[in-house]
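Novice:
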Amino acid sequence: MNRGAHTMLVRLEPWIGLLVSTGFHAGLLLALAWWKLGGPAGDRALRWVMVLPEATTELEWLEEPRAVEIPRLETREDSLEQASADTFEPALPVAIPPATTVGPGTRWVSDRVVPVGLTSIERLLEPRPLSSRALESSGDYAAALSSLRGALADILMRSDLLLVWCFDESISMVDDQQIVAEQLGDLYGHLLEVARQSGYHLGSVVTSYGENFHRHLLRPVYDLEAVAAAIRRINVDPTGHEMLCEALLGCLRYYAPKNADSTSMAIVVVTDEAGEWEDSQRYLEEVIQTARRCRARIFFLGREAAFGQAAAEMLWQGTRLRIDRGPETAFVRRWPCDAFGRKADLVPSGFGPYAQCRLAHETGGLFFMLRGQESLLLDWRDRSYDRRLLDRMQPDWRSLQEQEQQLDAPWRKRIVELAVEAERHWSSGQSERILWEFPWQAGALGGAREESQRQARRWLSFWQRARQTLADTADGRRTESDLRWQADWDLMFAQAVLFELQVRQYLDLLDQARYDRPPVLPLGQPPLLYLVPTQKLPAQGAASWQEAVQRLENVIRTWPNTPWAAVAELQLARGCALEWSNYPIPRTGH
């Protein structure tokens with residue numbers, strides 16, 4: 184070799200090494216890409232989600248679904264008629280619980296639900312990182328879907344994603360389902376772009392629930408129109424029951440991916456109710472543990488819980504419907520009624536229902552709280568609160584079992600017991616026998632008055648006992664560090680003092696009417712008189728009335744711009760005392 188050629192070889196030696204190294208690594212990357220995207224179906228990770236329109240690789244399925252009899256959890260397989268290009272033909276992998284034989288009419292129960300074929304189950308059972316917050320306030324569905332889009336895109340940037348829609352079949356949700364179906368374009372358009380950039384896939388199925396769980400798409404689809412059409416086909420459940428947790432177990436059972444490392448699952452529940460309390464008590468923790476094993480996140484497009492109350496009423500086509508809208512806490516810790524057992528003012532709590540927020544929090548999802556959607560709720564007082572203070576009073580989203588241990592403190596336990604007892608009395612309908620309008624013809628007042636007095640005396644006995652019990656727990660209130668428990672005691676005690684006075688005055692006014700002439704006489708109307716609220720306090724027992732008013736005012740000063748203050752403000756604005764009137768004044772819940 185001549186001197187010039189040798190010199191040239193020495194100069195090129197580093198570049199030759201670089202080219203060889205680059206070629207080796209490029210080949211390795213191509214091999215990995217072929218194994219991940221185009222290799223044999225038996226060797227690659229399962230990808231049973233959305234196929235982008237330009238993709239040509241057929242997705243493989245590892246297992247046919249196995250039928251398991253579920254006597255209580257009905258599954259209606261309403262698959263849509265659509266082109267084969269829109270639906271994956273192979274069967275869906277299923278998370279099968281242990282087979283259980285139960286009698287007719289009983290609910291499906293399993294000790295645990297574990298996806299078939301999962302490996303390293305111990306690692307999957309490790310606690311997963313939770314979101315720093317579980318609730319986000321949204322104005323309407325457009326805003327909620329926009330926020331959801333970001334949360335789902337974050338998942339899709341790291342793995343394949345199966346999106347499971349789960350709709351409440353209540354009659355009050357018919358319009359909501361149509362709204363969601365019409366507004367999915369932006370969400371799916373964005374997620375498609377994320378999938379295209381990340382190289383991961385997205386697929387969707389549609390389910391619904393009422394008393395039973397229904398599947399409307401048996402296999403994941405990538406066509407937005409198929410998803411929207413499935414949503415529009417959801418029927419109304421005439422029972423009015425919402426077995427939310429059973430439905431979530433159904434979603435996890437039928438659709439949980441077999442490889443949770445490469446495929447993520449997100450369940451989006453669209454509902455305006457909290458779901459049946461018995462269902463939550465029985466299945467809530469099982470849903471959380473199953474979702475954690477499957478690495479499934481649960482999201483909600485839901486409504487704000489009624490403050491301290493389990494139920495509300497909705498006016499639908501002239502009919503009053505009871506709907507479950509709370510409470511925001513694990514236990515009711517507020518009077519759910521007024522002095523006479525009627526439904527109290529409905530004010531928003533600032534948070535979602537307890538069970539739904541717990542599900543979102545424990546699975547790393549979010550509860551998107553839709554505001555301004557409550558025009559059909561009776562007596563709903565929409566309010567916006569000071570989030571700086573309210574966020575310091577966040578409900579405890581730990582399990583019922585953990586929170587029950589805290590009720591060992593006598594004063595906390597007594598508050599819960601009193602609130603539950605009042606809820607039971609109100610739900611019994613006994614308060615409907617207390618009258619607020621009275622005929623004044625000779626002899627006509629007697630029978631109506633006596634029945635009303637009988638029922639009012641029952642409430643008087645309850646409020647006397649409630650006030651005394653709360654007074655006995657004052658030391659617990661003074662040493663309590665939790666702001667929410669403090670506010671609960673303050674409001675409940677102030678109202679108990681007032682409610683006892685109101686019932687006493689009601690009984691006194693009826694007794695006086697028995698002997699005295701009518702305080703007012705109707706002119707040109709049927710002879711009816713009405714008992715209505717007034718801000719004029721009676722002279723008799725003035726000190727007690729002033730104490731009740733001052734306690735309500737103290738709630739407003741101590742907890743400004745919160746649900747507790749909202750309830751106290753409404754009470755003072757309506758008037759604390761009662762008086763006779765010629766004309767009826769609309770009363771809350773009457």
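Start counting the sequence shown at 184; every next residue gets the next number (our numbering). Think of the CB as a built atom: it goes at the ideal place given N, C-alpha and C, for glycine as much as any other residue.
Under 8 angstroms by Cβ, that's how I've got M497 and S355 pegged, so tell me the actual separation to the nearest angstrom.
Specialist: Sure, about 6 angstroms apart at Cβ, within 8 angstroms.
Novice: Could you check whether the region 523-533 touches the region 453-463, counting it as contact only if at least three pairs of C-beta atoms, one from each stretch, sit closer than 8 angstroms?
Specialist: Too few Cβ pairs lie closer than 8 angstroms, so no.
Novice: Report the rounded CA-to-CA distance for A756 versus N765, giving the unit in angstroms.
Specialist: If I take the Cα positions, the gap works out to 21 angstroms.
Novice: Between which two residues does the beta strand (DSSP E) harbouring H397 extend?
Specialist: Segment 396-398, the beta strand (DSSP E) holding H397.
Novice: Would G659 and W742 qualify as a contact pair, given that the criterion is a beta-carbon distance under 8 angstroms?
Specialist: No, the pair does not count as a contact, with Cβ atoms beyond the cut-off.
Novice: Would you say the region 429-449 touches the region 362-382, given that touching needs at least three Cβ pairs under 8 angstroms?
Specialist: Segments in contact, no.
Novice: Go ahead and pull the three-state DSSP assignment for F523.
Specialist: Coil.
Novice: Taking the continuous alpha helix (DSSP H) assigned at G433, which residues delimit it?
Specialist: Where G433 is concerned, the enclosing alpha helix (DSSP H) stretches over 427-438.
Novice: Per DSSP, which one or two residues make a beta bridge with D337?
Specialist: Per DSSP, none; premise fails for D337.
Novice: Grab the span of the alpha helix (DSSP H) containing T546 for me, first residue to last.
Specialist: Unbroken alpha helix (DSSP H) run through T546: 537-546.
Novice: Tell me, to the nearest whole angstrom, how far the beta carbon of S353 is from that of E425; I am working on the premise that it is less than 8 angstroms.
Specialist: Going by Cβ atoms, the distance from S353 to E425 rounds to 6 angstroms, so yes, they are a contact pair.
Novice: Return the residue from the list S342, P578, C759 that minimises the CA-CA distance to K719.
Specialist: Nearest C-alpha to K719: C759.
Novice: Taking Cβ positions, are G322 and R554 nearer each other than 8 angstroms?
Specialist: Yes, Cβ-Cβ distance for G322 and R554 is below 8 angstroms.
Novice: What whole-angstrom Cβ distance do V451 and C349 have, given they're in contact under 8 angstroms?
Specialist: The pair is a contact, with the Cβ atoms about 7 angstroms apart (cut-off 8 angstroms).
Novice: Any contact of the region 719-729 with the region 664-678, i.e. 3+ C-beta pairs under 8 angstroms?
Specialist: Touching, no.
Novice: Tell me whether A679 sits in a helix, a strand or coil according to DSSP, three-state version.
Specialist: Helix.
Novice: So the alpha helix (DSSP H) I362 belongs to, where does it begin and stop?
Specialist: Its alpha helix (DSSP H) spans residues 357-365.
Novice: So what does DSSP say about R476, is it helix, strand or coil?
Specialist: Residue state, collapsed to three classes: helix.
Novice: Could you tell me the alpha carbon to alpha carbon distance between E762 and D673, rounded to whole angstroms?
Specialist: Taking the straight line joining both Cα atoms gives about 27 angstroms.
Novice: Suppose you measure from the CA of A780 to the CA of A449; what does that come to, to the nearest Å?
Specialist: Nothing can be reported for residue 780, as the shown portion of the chain is limited to 184 through 773.
Novice: Counting beta carbon pairs with one atom in the region 378-387 and one in the region 325-332, are three or more of them shorter than 8 angstroms?
Specialist: Contact between the region 325-332 and the region 378-387 is absent, because fewer than three Cβ pairs lie under 8 angstroms.
Novice: Can you list, in chain order, the residues of its chain with a C-beta nearer than 6 angstroms to that of R640? Leave out the 5 residues immediately preceding and following it.
Specialist: So the list is empty, once near-sequence residues are dropped.
Novice: From the DSSP output, read off the bridge partner residues of E620.
Specialist: Looking at the DSSP assignment, E620 forms a beta bridge with Y713.
Novice: Check this for me: beta carbons of S532 and E545, under 8 angstroms apart or not?
Specialist: No, these two residues do not count as a Cβ contact at 8 angstroms.
Novice: I need the straight-line Cα distance from A538 to D343, nearest angstrom please.
Specialist: Between A538 and D343, the C-alpha separation is close to 28 angstroms.
Novice: Which residues does DSSP pair with V347 in a beta bridge?
Specialist: V347 is bridged to V388, I450.
Novice: Count the other C-beta atoms from every protein chain shown that fall within 10 angstroms of the C-beta of E469, then say buried if there are 16 or more, exposed otherwise.
Specialist: Buried is the call here.
Novice: Could you check where the beta strand (DSSP E) with I506 kicks off and where it finishes?
Specialist: 502-507 is the span of the beta strand (DSSP E), which, as asked, contains I506.
Novice: Using the Cβ count rule (16 or more neighbours within 10 Å means buried), how would you classify N418?
Specialist: N418 is exposed by the Cβ-count criterion.
Novice: If we ignore side chains and look at the alpha-carbon of each, how far apart do L712 and E620 end up?
Specialist: Taking the straight line joining both Cα atoms gives about 6 angstroms.
Novice: Where does the unbroken beta strand (DSSP E) through E762 begin, and where does it stop?
Specialist: 760-764 is the span of the beta strand (DSSP E), which, as asked, contains E762.
Novice: With DSSP run on the structure shown, which of helix, strand or coil describes E487?
Specialist: If DSSP states are grouped into helix, strand and coil, E487 belongs with coil.
Novice: Quick one: Cα of A725 to Cα of L684, how far?
Specialist: For A725 and L684, the distance between alpha carbons rounds to 10 angstroms.
Novice: Nearest by alpha-carbon distance to V715: which of A479, A654, A749, L618 is it?
Specialist: The option with the nearest alpha carbon to V715 is L618.
Novice: Which one of N395, D420, V389 has the shortest CA to CA distance from L409?
Specialist: Note on residue identity: the sequence assigns Ala, not Leu, to residue 409. The option with the nearest alpha carbon to A409 is V389.
Novice: If you draw a straight line from the C-alpha of Q669 to the C-alpha of G491, how long is it?
Specialist: Cα to Cα, Q669 sits roughly 14 angstroms from G491.
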